[in-house]
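K.L.:
Can you keep this structure in mind? I'll have questions shortly.
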Amino acid sequence: MSFRASVCSNMQRKPSKDDALSRATFECNGVSPRHWETFRAAPTPSSSNTEFRVCCYNVLCQSTTMKTMYLYNHLSILYSVPIFAVGYSAFYKKRTGLMNDGCAIFVRKTKFEVVSYRVVEYFVAPGTSMDRDQIGQILRLRCRKTGQEIVYANTHLIFNSARGDIKIGQLAMLFANISDELSKSSCPVIINGDFNIEPLSYVYTYVSESRWAAPRDAVAADYFTHPFTLASVYHHFNENGEKEVSTYHKEVANPDFIFYSIEKKKTVDSSTQVFEVPELRLLRRLGLPDLTTLEKTLGPWPNYHVPSDHIPLVADFVLSKTDSKL
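Counting from 170, one number per residue, gives the positions in the sequence shown under my numbering.
If you want it as structure tokens, here you go:
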């Protein structure tokens, strides 16, 4: 059984040169705002394990850019990534309603076989709290090397910061569909996306602690629960106690998350140990910057070097085939 502490004395940090923000900041200012943070050495390659990378990125879509041109300087350079030409399967779902944005998942074909795919639409009925157009996607993947399966989901929740109740409703629908998928056969889960919440908010608590209790003076003092035991890849605060940043424009926030299946968590004083399941273990992550560093270097996004108002979350995992059950 392996574990990871929320404050890791054995974590190794190495400045990143792999992402656009770090490269540009180093070239212009001589510092790197992001670091590769390694928690354990990669296992010896075998037929029972494989490494894979997860990248979660809120890309600023063209329609949003055009509607909010006053926020951004025009760039004449048009970037195009031939994603289909480099061996990926693509799954895209436009959100319901009239908006053009949505969610996409790209899966490397040589790494995973797609077993099943489903879309979760959060629109239930007009005139109710569940009448918003956001969506989620769920894939069951099978590792071509080991045969181990994993369920992977992404979503983009409602933006309104005052409607945490709707966010919980949307997550409840996503979790119910993931639970239904897992009823066929159990396997680890990765859930990521732009949740439009902040770390330590009550919606975050609902996700990370599997439950949230409404205040005692609430009209409906109920418990909201879900059946998964999840941990965030990120700690959300650096060693100096500053908040990590994943979006930076007129405001600064950290609404983007990668959650993954674990066995349990144990908190002693201010340190939390994460006991991971043997099938899915976190190897390393691309750390997030803090506001102090960003203010002293390239400033808000998007800019000439950073093409979106968010930066990507990146984590490397090892997926292993075992005889144990979650």
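For every residue, glycine included, the Cβ atom is placed at its ideal position computed from N, Cα and C.
#1: Given that a residue counts as buried once 16 or more other Cβ atoms are within 10 Å of its Cβ, and exposed if not, what is residue 453?
#2: Just to confirm my understanding: we take residue 380, look at its own chain, exclude 5 residues before and 5 after, and list those with CB closer than 7 Å. What are they?
#3: Excluding sequence positions up to five away, which residues of its chain have a Cβ less than 8 Å from the Cβ of residue 217?
#4: Within its chain, find whatever has a CB closer than 7 Å to the CB of residue 202; leave out the 5 residues flanking it on each side and keep chain order.
#5: Report yes if the CB atom of residue 396 is closer than 8 Å to the CB atom of residue 348, and no otherwise.
#6: Closer than 8 Å is the cut-off here; do at least three beta carbon pairs connect the region 406 to 415 with the region 428 to 448?
#7: Would you decide whether residue 196 is buried or exposed? Buried here means 16 or more other CB atoms lie within 10 Å of its CB.
#8: Using a Cβ-Cβ cutoff of less than 6 Å, which residues in the same chain neighbour residue 184 once the five nearest sequence positions on both sides are dropped?
#9: Are residue 343 and residue 402 closer than 8 Å when you measure CB to CB?
#10: Just reading off the alpha helix (DSSP H) that residue 371 is part of, what are its end residues?
#11: Alpha carbon to alpha carbon, what distance is there between residue 295 and residue 199?
#12: Residue 346 and residue 225 look like a contact to me (Cβ under 8 Å); what is the Cβ gap, rounded to whole Å?
#13: So, using beta-carbon positions, are residue 309 and residue 284 closer together than 8 Å?
#14: For residue 558, which residues does DSSP report across the bridge?
#15: Do residue 372 and residue 337 count as a contact pair if the criterion is CB distance below 8 Å?
#16: When the distance is taken between beta carbons, is residue 229 closer than 8 Å to residue 438?
#17: Can you tell me which of 375, 422, 282 puts its alpha carbon nearest to the alpha carbon of residue 406?
#18: Could you have a look at residue 239 and say whether DSSP puts it in helix, strand or coil?
#19: I need the boundaries of the alpha helix (DSSP H) containing residue 334, first residue and last residue.
#20: What's the gap between the Cα of residue 435 and the Cα of residue 429?
#21: I think residue 426 touches residue 449, with their Cβ atoms under 8 Å apart; what is that distance to the nearest whole Å?
#22: Taking residue 195 as part of the alpha helix (DSSP H), name the residues at either end of that continuous run.
#23: State yes or no: is the C-beta of residue 278 within less than 8 Å of the C-beta of residue 269?
#24: So what does DSSP say about residue 464, is it helix, strand or coil?
#25: Is it buried or exposed, residue 456, if we count other Cβ atoms within 10 angstroms and call 16 or more buried?
P.N.:
Looking at the coordinates:
#1: buried
#2: 392, 393, 394
#3: 315, 489, 490, 491
#4: 190, 191, 194, 458, 462, 463, 466
#5: yes
#6: no
#7: exposed
#8: 201, 204
#9: no
#10: 371 to 378
#11: 53 Å
#12: Their Cβ separation, rounded to whole angstroms, is 19 Å, which puts residue 346 and residue 225 out of contact at 8 Å.
#13: yes
#14: There is no way to answer for residue 558, as the model of the chain reaches only from 170 to 495.
#15: yes
#16: no
#17: 422
#18: In this predicted model, residue 239 has a pLDDT of only 47, less than 50, meaning its place in the structure is not dependable; the value taken from the coordinates is given anyway. Correct three-state label for residue 239: helix.
#19: 333 to 351
#20: 16 Å
#21: So it is not a contact: roughly 16 Å between Cβ atoms.
#22: 189 to 198
#23: no
#24: helix
#25: buried
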